[in-house]
Amino acid sequence: MSKSLPYSVKDLQYDNAKFRQRSVSKVITQSLLTNTMRRDCVSCSTGKFLALLLIFGVGYLMLTHTSTAHSVSVRVADKLSVHGEGTNATGGNALFGRIGRKPPRLPPRLPPNEHGSHNDKAVHEPAKIDTDLGWVERQQKVKEAFIHAWFGYKKYAMGYDELMPLSQRGTDGLGGLGATVVDALDTAMIMGADDIVSEAGSWVQTHLSDLIKKKGQVNLFETTIRVLGGLLSAYHLSGGEKGTNVTYKGPKPVVYLDTAKDLADRLLLAFTSSPTPIPFSDVVLHDPSAHRAPDGLSSTSEVSTLQLEFNYLSTLSGDPKYSMAAMKVLEHMKDLQKVEGLVPIYISPDSGEFSGENIRLGSRGDSYYEYLIKVWLQQRSNRDNNFTYLHDMYTEAMKGVRHRLVKKSIPNGLVFVGELPYGPNGAFSPKMDHLVCFLPGTLALGATKGFTKKKAMEENLLNFEDLENLKLAEDLAKTCFEMYAATSTGLAPEIVYFHTEEYSEDGLDGGNKSSKYINDIIIKPLDRHNLLRPETVESLFVLYRVTEDPKYREWGWHIFEAFEKYTKVDSGGYSSLDDVTGLPPRRRDKMETFFLGETLKYLYLLFGDSSVIPLDKFVFNTEAHPLPIKGM
Ligand code: DMJ
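Structure representation (structure tokens):
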């Protein structure tokens, strides 16, 4: 990798350096002897010349005698201006100080491929942690990050699914329903970012229904969790049920509900076209029709991660068809054979049976386990009747996780969740996707049912399983945080392996030599990317709410600062990274919708008041869209 700076950085640094090196006399000369003055002076009288000399001398004395105060005031003004809060440096000294300053030259625009290879700032050391800020200020920083992310998206990609922040354009990776707009909407409501609520809400009102009628193939799961979930949450938070009215901005709440129904009516085809209760993976919106994935199989996590959204839509619309279709999937899965509650990651919509033996809690497996407990929690009023099977499935699965998948790394004993790629009789793999880091949060939520641990203990609500799960949640949250702390950037890779008695590899550490776990965590070259994923901060948020232990907030702040340092793109938005182990990290030209929908939302809530979106009254869908718990 080239060590030279990109042109944009060179230019800015050169400009600043020039300013710093200018002498006081040069500043005044440049201030006073503008082209106009020089022209006038050619014909000026001796008197005028003496007057000018006097001004010159007074100005010189003022600057030389107050240089310290001057530089402080300019630094403060500079700092404030970063936040757009004015640049009123004090008195005449500052005025003189500003006279000689011209606006910095804008960096030349780079072609997209050159943007990608460097960061805008010099980044050769791990992010420094700012511990001076209080939680209110830290929460405000997260809101500023959200505004910056939205600013980039709005400027370069409004209406597209995602922003490509480096090439400054949009891309439709999710079927073209403006997924970032809908994913970001309820985050903006929660943060009180009213302008964004307005912009996103108007876009939904003006464009989304049309797109739903016109667009082609979309994935059932992605569209449900991001777009349907986002609309339903926006409906509730904007006061649609005369409940929470977080904001008055944007269209009338019913717009969100009508759009949600319109979309769900098409998505339902994935269920009704299938010969079994297991839906097809894709829907063509404009036909409308539904289709199998190319290999004919659906992902286990995808078909079992639709129920929170479809259930809530049935509640709101009074039409049970949505809930009935989605719940049939889980009812059907209840009777399928499992390995101590653990399931393979594929399922056939044609046979209704699981396919293959690959068992993991990472991609294609993850949110199956998450929704078992969350759907049970959502149906609180019915919990003891029709839905106990979900709690039973969850309890059995978590026992299975503890028995079959949890191990400790060497030499320092990090608790992790591995995989059984060849089924229960095949070899154990010490591989853990970052996606698995949703599990600590889910375990903690399942143990206390959204109450604090203190309250749950006082009221004797925790049984043996709950206590085991809570302990595992805390251990795994630490491991997930250490996956960040072990790298040079302080950001986790997509996948790690753990060093065990059976498995080791040399020379594949995360690069942070001061991490205690440098020898426990192995990161393979192809797994070193970071997509701005939310799972770890999601779990830190839930664990903070449940245990009230401030260490989870501190860990979240470390992660946020690393995102700020290495993924923020000056022109707007945040980028993914190709390699979190090297400095400076190479950027990847994509800002995933879940950065606005999930990552920043969870960080914001982590640093804020626990009474906002309380966990005993709301359940977050897997894309962090909060939906109210039935009967609460
Ligand atoms: C999100 O779309 C959801 O959280 C999903 O459950 C898993 N993948 C991404 C975030 O990483």
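Under the working numbering, think of the first position of the sequence shown as 286, with each following residue one higher.
Using N, Cα and C, we set each Cβ at its ideal position, and we do this for glycine too.
Based on DSSP bridge pairs, tell me the residues matched to Ala575.
Val568
DSSP bridge partner residues for Tyr533 (one or two, in chain order)
Its beta-bridge partners do not exist; DSSP assigns none.
Between which two residues does the alpha helix (DSSP H) carrying Thr673 extend?
Thr673 to Gly685
Pairwise C-alpha distance: Leu816 and Asp834:
28 Å
C-beta atoms of Leu542 and Leu496 nearer than 8 Å
no
Near Lys288, which residues of its chain fall below 6 Å by C-beta distance, leaving aside the five closest residues on each side in sequence?
In this predicted model, Lys288 has a pLDDT of only 26, less than 50, meaning its place in the structure is not dependable enough to derive any value.
According to DSSP, Ser584 sits in a beta bridge with which residue or residues?
Tyr631
Can you check DSSP and say which residues form a bridge with Arg454?
Met449
Extent of the continuous beta strand (DSSP E) run through Pro538
First-last for Pro538: Pro538 to Leu552, but that is the alpha helix (DSSP H), not the beta strand (DSSP E).
Exposed or buried, Leu548, counting other C-beta atoms within 10 Å across all chains shown (16 or more means buried)?
buried
Can you determine whether any heavy atom of ligand 1 sits closer than 7 Å to the C-beta of Pro819, and answer yes or no?
yes
Grab me the residues of Leu747's own chain with a C-beta within less than 6 Å of its C-beta, minus the 5 sequence neighbours each way, in chain order.
Ala741
Cβ distance (whole Å) where Phe243 is taken to contact Tyr859 below 8 Å:
The structure shown does not extend to residue 243, since the chain spans only 286 to 917, so no value can be given for it.
Would you say Glu594 reaches chain D, if we count a Cβ-Cβ gap shorter than 8 Å as a contact?
Looking for chain D here will not work: only one protein chain is present.
Which same chain residues end up closer than 6 Å to His576 when comparing Cβ atoms and leaving out the 5 residues on each side of it in sequence?
Phe565 and Asp567
Is it the case that the CB of Leu720 approaches a heavy atom of ligand 1 more closely than 7 Å?
yes
When you compare only the Cα positions, how much space is there between His521 and Asp471?
9 Å
Chain-order list of residues whose beta-carbon lies under 6 Å from that of Gly726 (same chain, five-residue window excluded)
Glu823, Ser824 and Val827
Quick one: what does DSSP say Leu912 is sitting in, helix, strand or coil?
strand
Please classify Gly501: does DSSP put it in a helix, a strand, or coil?
coil
In whole angstroms, what separates the C-alpha of Gly916 from that of Asn596?
13 Å
Under 7 Å from any heavy atom of ligand 1, does the C-beta of Ser652 make it?
yes
Where in the segment 684-771 do unbroken runs of the beta strand (DSSP E), each at least 3 residues long, occur, reported from the N-terminal end onward?
691-693, 700-702 and 716-718
Would the beta-carbon of Glu587 be found less than 7 Å away from any heavy atom of ligand 1?
no
Select from Phe431, Ser452, Ala464 and Tyr438 the residue whose C-alpha is nearest the C-alpha of Ile475.
Phe431
How about the segment 867-880 and the segment 798-810: do they share at least three Cβ pairs that are nearer than 8 Å?
no
Ligand 1 and Ile481: does the residue's C-beta get closer than 7 Å to at least one heavy atom of that ligand?
no
With distances taken between CB atoms, is the gap from Ser586 to Arg649 smaller than 8 Å?
yes
Using a Cβ distance threshold of 8 Å, determine whether the segment 804-814 contacts the segment 684-703, with at least three qualifying pairs required.
yes
How many Å lie between Phe672 and Asp855 at the Cα?
49 Å
Which of helix, strand or coil does DSSP assign to Phe905?
strand
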